[in-house]
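In my numbering, the protein residues as written are 1158 to 1300.
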């Protein structure tokens, strides 16, 4: 296998921590309201991220940052919050081994949304990969 490019290494790390999130989240929502659990998670993420930004000295506001970019980041934050709230509620109601695969349908949704809204090219490789993700979810999460 050829070496990973830096974006692939970061994406692989993200996937690992997303998988770990399912397990730790499932353990964390036992006996806790899922909305409160999401709030606790969000506060922790805030402090971890603020710590990283502080350690790296990245608090300077970019001169070329647009209001449009900030608006999209705010919308992304709302979407993330809603995703987390629904994810933790699902974890309270079902096994992590069933919830996590359904959550990964986000891959298929991202492919469709990227083609429709970002104008990314829809290729056979992309279609096949998305279909395989969908098939995997169906095998893992539905009887």
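We put the beta carbon where it would ideally sit given N, CA and C, even for glycine.
Bear in mind the structure is a predicted one, so any value in this text is a computation, not a measurement.
Judged by DSSP in its simplified three-state form, residue 1247 adopts helix.
In this structure, the CA atom of residue 1228 is about 11 Å from the CA atom of residue 1222. Excluding sequence positions up to five before and after residue 1186, its CB lies within less than 7 Å of the CB of 1194, 1245, 1248 and 1249, all in the same chain and listed in chain order. When the alpha-carbon of residue 1260 is set against those of 1239, 1272, 1165 and 1210, the nearest one is in 1239.
Linking residue 1271 to residue 1255 through their CA atoms gives a straight-line distance of about 26 Å. At a cut-off of 4 residues, the continuous stretches assigned as alpha helix (DSSP H) that sit fully inside the segment 1226-1295 are 1253-1260 and 1263-1275. Per DSSP, residue 1222 is not a residue of any alpha helix (DSSP H), being assigned neither H nor E.
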